[in-house]
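Colleague: Chain order of the listed sequences is A and B. Sequential numbering from 82 applies to the first sequence in the numbering used here. Sequential numbering from 82 applies to the second sequence in the numbering used here. Cβ coordinates follow ideal geometry from the N, Cα and C atoms, glycine included. Please read all numbers here as calculations on a predicted model, not as lab measurements. My questions all concern the structure below.
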Amino acid sequence: MPDALLVLVHGSPRPVANEDMFAVVAGLRARPDAAARFPIVEVGFMECNEPNIPDAIAQCVAQGADRVVAVPYFLHTGNHVCNDLPTLLEEAQERYPNVTFLMGDYLGLSPRLTDLLAARAAGN
Amino acid sequence: MRVLGVVPNGEPTRYNPTVSNTGKRALILFSHGSVLCGAGEALEAHTNRLRTRGEYDLVAYGYLNYSEPPFRDAVAGLVAQGATDITVVPYFLVPGYFVIKSLPEAVDLARARFPQVTFRLAEPLGHDDRLADALLDAAMQAKTAEHWREPLQRAALACRPAPECPLYGTPACPKVPRTPVDAKEAEEDA
């Protein structure tokens, strides 16, 4: 039974703002190591864009996921990361009691972003 | 060998070896800011790691709104420490309004205030394979439901305390006395 990786995204009234995130997710889907671990990769939006997070979770379950691993595509600790996203996952857990829901640290906590910030500072 | 700090006749000078004649290179992370206490957790961690890397003499962070320090004060602090070349890196995912409009405005003000300083503007995080690596790392270390609200508990550790914070006056806020009703409920729960 496959694991699903669900990327939780804020969403934007300017859809172009999601292009970089979609490129990152496309890169993830194309990686053999990621695909072996997470055969299903979906994106769900809190606001403005489709699919919303409950619909994205339903897509994961419809593809046979028995474990949904959610990662917030957010840079900061805030109400969305601390409250809104956990609440959406708790609601999903009630709706799908046979599916295991996990949540990872939000993106901003990763030391890999420090490397990327240093690269941006150097003009790379 | 050239001995700094001593003039040819042997008299000590006022030369301060901590302030280089060539000036210091600085990096400053520019962020939006938040009303939530402790929202700077990730930004502070990146700042500390960038300091440890040692690629810049000085590393700081500054905010556009709400959080401390404001960007203008953080820049002034770097200049006071001898920075003559400051690279500004937006801690933003995409080049939206704050990166395209607010940040250049803030940097223009800084240039006018410190004309002797060179300011360089870097790109936001945008698209990079390291973001996919970060997503995968986080997914591999994902946690069960009882851990999902831990960032909020950590945020309370950075209480300022500020009435505009969503934690203010709630049981999660450590600095502000809770309302009498809250206190009574806690007593009954105990």
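Closer than 8 Å, CB to CB, is Val88 of chain A near chain B or not?
Modeller: True, the Cβ-Cβ gap to chain B drops below 8 Å.
Colleague: I'd like to check one pair, Gly119 of chain B with Thr158 of chain A: are the Cβ atoms closer than 8 Å?
Modeller: The answer is yes: Cβ separation under 8 Å.
Colleague: Which same chain residues, not among the five before or five after Pro151 of chain B, have their C-beta less than 7 Å away from its C-beta?
Modeller: So the qualifying residues of the chain are Gly143 and Tyr144.
Colleague: Going by the beta-carbon positions, is the gap between Val152 of chain A and Leu86 of chain A smaller than 8 Å?
Modeller: Contact: yes.
Colleague: Please report the Cβ distance between Ala273 of chain B and Leu139 of chain B, rounded to the nearest whole angstrom; I am assuming they are in contact, meaning their Cβ atoms lie under 8 Å.
Modeller: Chain B is shown from 82 up to 271; residue 273 of chain B falls before or after that span and cannot be answered.
Colleague: How big is the Cα-Cα spacing for Glu231 of chain B and Val180 of chain B?
Modeller: Each residue's Cα considered, the two are about 30 Å apart.
Colleague: Taking Met184 of chain A as the query, report the chain B residues whose CB atoms sit under 7 Å from its CB, ordered along the chain.
Modeller: Simply Ala223, Lys224 and Trp229.
Colleague: Checking contacts by CB at 8 Å: is Val160 of chain B closer than that to chain A?
Modeller: No, because no Cβ of chain A sits closer than 8 Å to the Cβ of Val160 of chain B.
Colleague: Do you know whose CA, among B:Ser148, B:Leu202 and B:Leu117, lies nearest Ala237 of chain B's CA?
Modeller: Comparing Cα positions, the closest option is B:Leu117.
Colleague: Among residues of its own chain, excluding the 5 on either side of Asp206 of chain A, which ones have a beta-carbon nearer than 7 Å to its beta-carbon?
Modeller: Within the shown structure, residues of chain A are numbered from 82 to 205, placing residue 206 of chain A beyond reach of any answer.
Colleague: Rounding to the nearest angstrom, what Cα-Cα distance links Gly209 of chain A and Pro83 of chain A in this structure?
Modeller: Residue 209 of chain A is absent from the model: chain A starts at 82 and stops at 205.
Colleague: Taking Cβ-Cβ distances shorter than 7 Å, what residues in chain A pair up with Glu136 of chain B?
Modeller: In chain order: Ala199.
Colleague: Please check if any C-beta of chain B sits within less than 8 Å of the C-beta of Val152 of chain A.
Modeller: With 8 Å as the cut-off, Val152 of chain A counts as an interface residue toward chain B.
Colleague: Within the same chain, show all residues whose beta-carbon is closer than 6 Å to that of Arg83 of chain B, passing over the 5 residues directly before and after it, in chain order.
Modeller: With a pLDDT of only 37 at Arg83 of chain B, under the threshold of 50, the placement of this residue in the model should not be trusted, and no figure is reported.
Colleague: Check whether the Cβ atoms of Thr225 of chain B and Leu183 of chain A lie closer than 8 Å to each other.
Modeller: Yes, these two residues count as a Cβ contact at 8 Å.
Colleague: Taking Cβ to Cβ, would you say Val142 of chain A is nearer than 8 Å to Val88 of chain A?
Modeller: Cβ atoms of Val142 of chain A and Val88 of chain A: not closer than 8 Å.
Colleague: Is there a Cβ from chain B that is less than 8 Å from the Cβ of Phe126 of chain A?
Modeller: No - not a single Cβ of chain B is within 8 Å of the one on Phe126 of chain A.
Colleague: Out of A:Pro192, A:Arg201, A:Ala107 and A:Leu156, point me to the one whose CA is closest to Ile121 of chain A's CA.
Modeller: Considering only alpha carbons, the answer is A:Ala107.
Colleague: Round the Cβ separation of Ala220 of chain B and Gly185 of chain A to the nearest angstrom and send it over; I've been treating them as touching at under 8 Å.
Modeller: With a Cβ gap of about 5 Å, Ala220 of chain B and Gly185 of chain A count as contacting.
Colleague: Output, in sequence order along the chain, the residues in the stretch 155-189 of chain B whose CB is closer than 7 Å to any CB in chain A.
Modeller: If the cut-off is 7 Å between Cβ atoms, the stretch 155-189 of chain B has Thr168, Val170, Tyr172, Leu174, Val175 and Gly177 near chain A.
Colleague: When you compare the CB of Arg176 of chain A with every CB in chain B, is at least one pair closer than 8 Å?
Modeller: With 8 Å as the cut-off, Arg176 of chain A does not count as an interface residue toward chain B.
Colleague: Can you have a look at Val97 of chain A and say buried or exposed, based on whether 16 or more other CB atoms are within 10 angstroms of its CB?
Modeller: By the neighbour-count rule (16 or more Cβ atoms within 10 Å), Val97 of chain A is not buried but exposed.
Colleague: Kindly indicate which residue of B:Asp166, B:Phe195 and B:Ala203 has the alpha-carbon position closest to the one of Leu184 of chain B.
Modeller: Nearest option by C-alpha distance: B:Ala203.
Colleague: Who does Val156 of chain B pair with in a DSSP beta bridge?
Modeller: Beta-bridge pairing links Val156 of chain B to no other residue.
Colleague: Flag Ala173 of chain A as yes if its beta-carbon sits less than 8 Å from any beta-carbon of chain B, otherwise no.
Modeller: Judged by the 8 Å Cβ criterion, Ala173 of chain A is not in contact with chain B.
Colleague: Excluding five sequence neighbours on each side, which residues of the same chain lie with their C-beta closer than 6 Å to the C-beta of Tyr177 of chain A?
Modeller: The residues are Val142.
Colleague: List the residues of chain B whose Cβ lies closer than 7 Å to the Cβ of Asn160 of chain A, in chain order.
Modeller: Leu117 and Pro247, listed in chain order.
Colleague: Return no unless some Cβ of chain B is closer than 8 Å to the Cβ of Asp147 of chain A.
Modeller: Output row for Asp147 of chain A: interface = no.
Colleague: Output the boundary residues of the beta strand (DSSP E) element that contains Glu123 of chain A.
Modeller: Run containing Glu123 of chain A: Ile121 to Phe126, per the beta strand (DSSP E) assignment.
Colleague: Need the endpoints of the beta strand (DSSP E) that Ile181 of chain B sits in, please.
Modeller: No beta strand (DSSP E) contains Ile181 of chain B, which DSSP labels as neither H nor E.
Colleague: Please state whether DSSP places Leu156 of chain A in a helix, a strand or coil.
Modeller: Coil.
Colleague: Give the interface partners of Glu122 of chain B over in chain A, defined as CB-CB distance under 7 Å, in chain order.
Modeller: Near Glu122 of chain B (Cβ distances below 7 Å), the residues of chain A are Thr158.
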